[in-house]
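Report on one structure; see the data block that follows.
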Amino acid sequence: MEEEHFFDDCPICQAMKEARGQGRESTMEELKEAFKKAKEQGAVVGGEWFNE
Numbered sequence: 001m002e003e004e005h006f007f008d009d010c011p012i013c014q015a016m017k018e019a020r021g022q023g024r025e026s027t028m029e030e031l032k033e034a035f036k037k038a039k040e041q042g043a044v045v046g047g048e049w050f051n052e
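Going by our numbering, the sequence shown opens with residue 1, and the numbers climb by one from there.
What follows is the structure, encoded as structure tokens:
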């Protein structure tokens, strides 16, 4: 993913950018935490994956 696809105010983008900076992909736990933060900031997230 190119740099312009990451937004500074998006917890999900921040997690993905950090992982990419370390030469890897985000883990499921990192993504779950990022989606949780996004939801706390008012983003609409849902589905069974987010309720685990």
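Backbone N, C-alpha and C fix where the C-beta goes; we use that ideal spot for every residue, glycine too.
Classification of residue i by the beta-carbon crowding that lies within 10 angstroms, buried from 16 upward
{"i": "residue 16", "result": "buried"}
{"i": "residue 34", "result": "buried"}
Rounded C-alpha distance that separates residue i from residue j
{"i": "residue 21", "j": "residue 38", "result": "21 Å"}
{"i": "residue 48", "j": "residue 32", "result": "12 Å"}
{"i": "residue 45", "j": "residue 10", "result": "13 Å"}
{"i": "residue 24", "j": "residue 8", "result": "19 Å"}
Under 9 Å between C-beta atoms of residue i and residue j
{"i": "residue 29", "j": "residue 19", "result": "no"}
beta-carbon residue i near the ligand FMN non-hydrogen atom, thresh 8 Å
{"i": "residue 22", "result": "In the structure on display, the ligand FMN does not appear, and there are no ligands present to speak of."}
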